[in-house]
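Written below as structure tokens is the structure these notes are about.
Numbering (this note's numbering), first residue to last: 951 to 1564.
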């Protein structure tokens, strides 16, 4: 095409789409595919743009990719042919890679390919159009013939081939027939997987690619018929890859340190209609993902069936929230929080996180700011954790909203006395028994404040008022071990936290505490460190005035209240400033996780009151 025209210099001008009242309409990029003899790597991208009703659009492929943070002057021109004239649309280097890789994938089968890519097919400068298209983005991806998951080139040579081989072998291993031949093949494959450390290293590199951190991709692959990963020069199934990641987490292979991709591994297929989870759970699991516009932390999930409601006056279902980019972030978060409180009850408050700035941003403290991500996991982590701090009846307290006020029923069970910052060493890298890892605590009582090791911290605790709750060293160690990992998951032995913590001490230190260092296994510390990494990140260790051990938000400070709310499974940290009580975040408080506060209320040892959160 370049031989028959001059290089275009004019920017492409979008023609308005028909109004939404006339039905769903999309633009499609018609990308020219080169012949087998052409230089596919360096040839310019040329295309045209067509407009089609979604219901009658030609078979098209949708691209799932990362926009990237490249400056605009690094963007590349995409040549668009329209009515005999040529103009350009600037596209990011990542989209340029995705279009070239998609083009090469179909080369030899067609002279052109219909592509849907958001940056080109939506006029990004038209807020009304952008809002309207986002409202049915899920339908765009679910209607696509294929969805190409464009991850980019691998960071190391041949890593793409290693991941493709690993997924193939692991998929075979999971599907092996239970007969004799199948068992022999399974053993062979199992040995192969455990011996190929380079494969697992390559998989971890793959899972750390920017694509996995983007919020929009969850919807894009979740609604796809069969998403196909394009990684380097290789291609393989996305869902097979996620099944491999989930399966590896149940094996010793978890010790290779695979990236934590809960949102990907637990929500890989949105086409499955039955789910015990809710739209709130989807938002919560996706809160650590990134996006350019923080409103997309909500809008990016509206294509999920859990986010749809049937309108009796219309044949098409509608999202439970209508995308509106003219709405402020605070207005959107308030709307979503009120919706989640109606949807799942008081459990919705578990997602609340804060910074010092957000506590004074003018919006109620009980509103979830989905762009604030201080922690990796909630203390209330269903279904593996089973707490009942506020009693077993989740309907016992109905949230009552009056403007900016949230009225609840509960009790102030304790007050924070001292807080210690936690420092974890070597836990985010692949673990082995020889890894340099550890845990230390910032002792603010020293001048200057310094980090102390686990043994010194234990000695400090035995010399202070915590012995009111924990009378001897073994009891103290057990309480400390369980608190630091935020409780014991139901599928884990109750001895793992204690054994894991003890292995972080030297044998001589254990003997000084009258503990037996000879009863430990090497696996315990690795499993325990994984629990620490999941729960200590973004939190601090605290001791209350009553001597209880806690895992509390980093924002917490001495004098903050330990609040148990009727109907919520975990305690919360609240702060009273004059007449205003604000909600800080959920917490783990040893000795208050299983109805103890409710029992004290029943016995008259605690006073239940109306708690007004602002």
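Here a beta-carbon is modelled for each residue, glycine too, at the ideal position from N, C-alpha and C.
Predicted model, so just to flag it, every value in this text is computed and none were measured.
Anticipated Cβ contact below 8 Å, residue 1000 with residue 980, distance rounded: Position 50 of the chain shown holds residue 1000. Position 30 of the chain shown holds residue 980. 6 Å between Cβ atoms; contact.
Let's test the definition: count the other Cβ atoms within 10 Å of the Cβ of residue 1077 and tell me whether it reaches 16, buried, or not, exposed. As a working note, residue 1077 is residue 127 in the chain shown. Classification for residue 1077: exposed.
Do the segment 1500-1507 and the segment 1338-1355 touch if we need at least three Cβ pairs shorter than 8 Å? no
Spell out a yes or no on whether the segment 1511-1525 and the segment 1279-1288 are touching, meaning 3 or more CB-CB pairs, one atom from each, closer than 8 Å. no
Pick helix, strand or coil for residue 1537, following the three-state DSSP scheme. To locate residue 1537, count along the chain shown from 1; it is residue 587. Residue 1537 falls in the coil class under three-state DSSP.
Would you call the segment 1164-1173 in contact with the segment 1025-1032, where contact means no fewer than 3 C-beta pairs closer than 8 Å? no
Starting from the Cα of residue 1013, find the closest Cα among 1241, 1268, 1100, 978 and give me that residue. On the chain shown, residue 1013 is found 63 positions in, with the first residue counted as 1. Considering only alpha carbons, the answer is 1100.
Every unbroken beta strand (DSSP E) within the segment 965-1018, with a cutoff of 3 residues, ordered by chain: 975-982, 996-1003, 1011-1014
Near residue 1043, which residues of its chain fall below 8 Å by C-beta distance, leaving aside the five closest residues on each side in sequence? For this step, residue 1043 is matched to residue 93 along the chain shown. The answer, listed in chain order, is 1018, 1020, 1024, 1025, 1026.
Proximal residues to residue 1232 (C-beta, below 7 Å), its chain only, five neighbours per side dropped: Along the chain shown, read from residue 1 onward, the residue named residue 1232 stands at position 282. Result list for residue 1232: 1217, 1251, 1254, 1256, in chain order.
Give the C-beta separation of residue 1181 and residue 1110 to the nearest angstrom, bearing in mind that I take them to be a contact with Cβ-Cβ under 8 Å. Here residue 1181 refers to the residue found at position 231 of the chain shown. Here residue 1110 refers to the residue found at position 160 of the chain shown. Going by Cβ atoms, the distance from residue 1181 to residue 1110 rounds to 5 Å, so yes, they are a contact pair.
Just to check my reading of the structure: residue 1432 and residue 1540 have Cβ atoms closer than 8 Å, yes? What is that Cβ distance to the nearest angstrom? Within the chain shown, numbered from 1, the residue matching residue 1432 stands at position 482. Within the chain shown, numbered from 1, the residue matching residue 1540 stands at position 590. Right, their Cβ atoms sit about 6 Å apart.
Where residue 1403 sits in the DSSP three-state scheme: Along the chain shown, one-based indexing puts residue 1403 at 453. In this structure, residue 1403 counts as strand in the three-state DSSP scheme.
Taking 8 Å as the threshold (C-beta atoms), are residue 1123 and residue 1153 in contact? Reading the chain shown from its first residue, position 203 is the one you call residue 1153. Reading the chain shown from its first residue, position 173 is the one you call residue 1123. No. Outside cutoff.
Return the chain-ordered ranges of every alpha helix (DSSP H) run that is complete within the segment 1033-1090 and spans a minimum of 4 residues. 1043-1055, 1068-1071, 1077-1085
For chain B, is any of its Cβ atoms less than 8 Å away from the one on residue 1189? Note that chain B does not occur in the displayed structure, where there is just one protein chain.
Residue 1120 vs residue 1197 beta-carbon contact at 8 Å: Residue numbering aside, residue 1120 sits at position 170 when the chain shown is read from its first letter. Residue numbering aside, residue 1197 sits at position 247 when the chain shown is read from its first letter. Yes; because the gap between Cβ atoms is below 8 Å, this pair is in contact.
Test item: CB-CB of residue 1047 and residue 1010 under 8 Å: Taking the first residue of the chain shown as 1, we reach residue 1047 at position 97. Taking the first residue of the chain shown as 1, we reach residue 1010 at position 60. It is not a contact, given that the beta carbons lie outside the stated cut-off.
Should residue 1093 go down as buried or exposed, given a rule of 16 or more other Cβ atoms within 10 Å for buried? Position 143 of the chain shown, counting from 1, holds the residue named residue 1093. With 16 or more other Cβ atoms within 10 Å, it is buried.
Which word fits residue 1003, buried or exposed, when buried means at least 16 other C-beta atoms lie within 10 angstroms of its C-beta? The count along the chain shown starts at 1 and reaches residue 1003 at position 53. The residue in question, residue 1003, is exposed, as its Cβ has fewer than 16 Cβ neighbours within 10 Å.
Between the beta-carbon of residue 1535 and the beta-carbon of residue 1523, is there less than 8 Å? Residue mapping note: residue 1535 aligns to position 585 of the chain shown, counting from 1. Residue mapping note: residue 1523 aligns to position 573 of the chain shown, counting from 1. Contact: yes.
With a 10 Å radius around its C-beta and 16 neighbouring C-beta atoms as the bar for buried, classify residue 1191 as buried or exposed. Taking the first residue of the chain shown as position 1, residue 1191 is located at position 241. Answer is buried; the Cβ neighbour count reaches 16.
In DSSP terms, what residue 1357 is bridged to: In the chain shown, counting from the first residue as 1, residue 1357 sits at position 407. The partner list for residue 1357 (beta bridge, DSSP) reads 1350, 1562.
Measure the Cβ-Cβ separation of residue 1007 and residue 976 and say whether it is below 8 Å. Position 57 of the chain shown, counted from the first residue, corresponds to residue 1007. Position 26 of the chain shown, counted from the first residue, corresponds to residue 976. It is a contact, given that the beta carbons lie within the stated cut-off.
Integer-rounded CB distance, given that residue 1164 should sit under 8 Å from residue 1086: On the chain shown, residue 1086 is found 136 positions in, with the first residue counted as 1. On the chain shown, residue 1164 is found 214 positions in, with the first residue counted as 1. Actually they do not touch by this definition, with Cβ atoms about 20 Å apart.
Between residue 1471 and residue 1453, what straight-line distance do the alpha-carbon atoms span, to the nearest angstrom? By one-based count along the chain shown, residue 1471 stands at place 521. By one-based count along the chain shown, residue 1453 stands at place 503. Note that residue 1471 scores 49 on pLDDT, short of 50, meaning its location in the model is unreliable; the coordinates nonetheless yield the value given after this. Roughly 9 Å separates the two Cα atoms.
Name the two residues that bound the continuous beta strand (DSSP E) containing residue 1392. Your numbering for residue 1392 matches position 442 in the chain shown. Segment 1388-1393, the beta strand (DSSP E) holding residue 1392.
Which listed residue (1227, 1098, 1273, 1359) has its alpha carbon closest to that of residue 1556: As a working mapping, residue 1556 is identified with position 606 in the chain shown. Nearest of 1227, 1098, 1273, 1359 to residue 1556, Cα basis: 1359.
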